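Numbering (the working numbering), first residue to last: 2 to 678.
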């Protein structure tokens, strides 16, 4: 047969059509395999098997298309097919080919569309998310080690200015390897590339596998395997960061190379304690018990390696957090400053050390300009640090730059889109500005991100009350908290408060009796003795005799707290609150005014407004209506004065809380309430 006749015969037997159809079908199958198999944790070898089978099947398919013909009657030999039927069926095959071709073109166009975030912004080429590493160790308790390796790699990459690195808090929700869709994850996080890995720790051996993937087309850019002793693996994060940067063609300055290559410690046991502490201290709820558990582990790491600068810096941040959120005493202040300065002495260019010192200056000394200087240094040393940007936004809020602060937080949220702490700050800022729909939206988002977070549940519930005057959501959320979960008594205090808002004093008493805690976390001034809450129930019921007995039992703890931290405005305010309930008018006013002096709104727009909220309540309780009502009117027009339960100044707090009952018969108060409804 001549070549001309051979090619004519190929056309007559529809071999060309079969080749085109097979090629497009094989390409589609290969795409499906690479996209779907990872969802079911199918190894890459299976994808290779599919591709090899498709390649080997091509000549077989061509031979079969030469010998046989597909007709409406089924598969028959080509020689037995009527030419008219052959042509008619060939045209049908053409339509199938066109359909498959359109599908192929659609997939190609989709893969080459500009990769953008969910908000529509263009994604940077040199951007990366380090997803949680799989723990392949026989002991599941080693999960902290896999998380630690991932976090260290991420932190090292964040020091490279030419890279945009998503923060740890935004990637941790993608822990389930089998459920990952890398393209969708990358789009959600706003990155072009993702790093996946696994860690196996057995005895003194550590095996780390990593692969860098371009999520836009699932292309594997780089991969490596490291099998080392625990001691030899201590500098692995820097080595990996350099190799990843090279793979992404990111440029590193000499200083960046030196910082990335620096080993955190030479002591393997100290490193393990450090990783355990990190896992606890990074809890989004920042509970006091978490801080103190992390403190012990950091101290054990430092005991093994006194020159462990990073552990000193992290410990300083823990102490600063305890001071800021729970116990503002000189003891924590001294410890925090000492650890931060030690970290800087050991490693002057450590971003975490400058960050910790910035926390000390910001939270303890209230020198916002000097704190900003430290945060700006930390930001230069670690450009992708969302924590640093978050505190810069917080300082703007303290300075009364509410709109700037809100805009700054929204920018941070775009850079760290899945971080519940950033969402928490947006929730708080919108709450302080009394933008209830926006606050509710951020609260709902926080609950979705951190479903186990008690803070998310309670803040969302309170926002619904502040906005609508309804306690049902708050009650529903706290009622769903499993028995036995009540860190620092936060669940007990919320349940008690719901009952008090509903004027269900029997239920409030049952809440306290059903709790085993002796003190509750209810304000920013630390733990409050349970007997105080019992006194509040009596006072709200009109049983002043038993109320005063309870308050007298609580008084020593309140006064001791002020003596322990005389510069704490919160503690003076809480003591004034107690004195007001006890009828000690002059003492109550003195303490309330002292709180305002310590934190005036002119120097601290956040806490200053809260202290004035306390003072307004004190005035109301001691019969100073002429002072209370104008102050309330001003605070309702001022951002702030909305945070924890009793000293929030909102229309629904004023309407429903028993604490404001002394004002209810004052016509000016009634008029104020009506004007806001």
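We treat Cβ as the ideally placed atom computed from N, Cα and C, and that holds for glycine.
Treat the numbers as computed from the prediction; the structure is a model and nothing was measured.
| Asked | Found |
| --- | --- |
| Taking only the alpha-carbon atoms, compute the straight-line gap between residue 449 and residue 129 and give it to the nearest angstrom. | 24 Å |
| In this structure, what does DSSP give as the bridge partners for residue 212? | 197 and 224 |
| How many Å lie between residue 177 and residue 227 at the Cα? | 23 Å |
| Is residue 471 close to the ligand FAD? I mean its beta-carbon at under 7 Å from any heavy atom of the ligand. | As for the ligand FAD, it is missing from this structure, which has no ligand bound. |
| Looking at residue 520 and residue 490, is the spacing between their C-beta atoms short of 8 Å? | yes |
| For residue 453, which three-state DSSP category applies? | coil |
| What's the C-alpha gap between residue 617 and residue 633? | 6 Å |
| Whose CA, out of 555, 482, 469 and 215, lies closest to the CA of residue 441? | 469 |
| Measuring straight from C-alpha to C-alpha, what distance separates residue 20 and residue 139? | 49 Å |
| Return helix, strand or coil for residue 136, following the three-state DSSP convention. | strand |
| At what residues does the beta strand (DSSP E) containing residue 129 begin and finish? | 128–131 |
| Can you say whether residue 50 is buried or exposed, counting buried as having 16 or more other CB atoms within 10 angstroms of its CB? | exposed |
| Helix, strand or coil: which one does DSSP assign to residue 527? | strand |
| Looking only at its own chain, which residues have a Cβ that is under 7 Å from the Cβ of residue 364, when we skip the five neighbours before and after it? | 321, 324 and 325 |
| Start and end of the alpha helix (DSSP H) containing residue 275? | 269–282 |
| Are residue 498 and residue 518 touching if we call contact CB-CB under 8 Å? | no |
| Rounded to whole angstroms, how far is the Cβ of residue 615 from the Cβ of residue 574, which I believe are closer than 8 Å? | 4 Å |
| Rounded C-beta distance between residue 496 and residue 512? I'm assuming under 8 Å. | 5 Å |
| Would you check if the stretch 472–484 and the stretch 242–251 touch, i.e. whether three or more CB-CB distances between them fall below 8 Å? | no |
| Check for me: the alpha helix (DSSP H) holding residue 161 runs from which residue to which? | Premise fails: residue 161 is in no alpha helix (DSSP H) and is neither H nor E. |
| Determine the closest residue to residue 389 out of 447, 370 and 353, with distance taken between C-alpha atoms. | 353 |
| Taking contact to mean 3 or more Cβ pairs, one atom from each stretch, closer than 8 Å, check whether the stretch 342–356 and the stretch 374–386 are in contact. | yes |
| Return the CA-CA distance between residue 220 and residue 189, expressed in angstroms with no decimal places. | 18 Å |
| Any chance the stretch 147–166 sits against the stretch 186–205, with 3 or more Cβ pairs inside 8 Å? | yes |
| To test your reading of the DSSP string, which unbroken beta strand (DSSP E) runs of 3 or more residues are found completely within the stretch 345–413? | none |
| Give me, in chain order, the residues of the same chain whose beta-carbon lies closer than 6 Å to that of residue 170; leave out the 5 immediate sequence neighbours on both sides. | 420 |
| For residue 661, I'd like the list of residues in its chain whose CB is within less than 7 Å of its CB, leaving aside the five on either flank, ordered along the chain. | 621 and 655 |
| Taking 8 Å as the threshold, find out whether the stretch 264–277 comes into contact with the stretch 304–318 through three or more Cβ pairs. | yes |
| Please report the residue range of the alpha helix (DSSP H) in which residue 174 lies. | Counting along the chain, residue 174 falls outside any alpha helix (DSSP H), and DSSP gives it neither H nor E. |
| So the candidates are 63, 460 and 477; which of them puts its Cα closest to the Cα of residue 286? | 460 |
| Is it the case that the Cβ atoms of residue 455 and residue 443 are separated by a distance below 8 Å? | no |
| Less than 8 Å between the beta carbons of residue 630 and residue 669, yes or no? | yes |
| For the alpha helix (DSSP H) that residue 473 lies in, which residues bound it at each end? | 473–480 |
| Distance check for residue 27 and residue 60, CA to CA, integer angstroms please. | 13 Å |
| Using DSSP with H/G/I as helix, E/B as strand and the rest coil, what is residue 484? | coil |
| Could you give the residue range of the alpha helix (DSSP H) that holds residue 310? | 310–326 |
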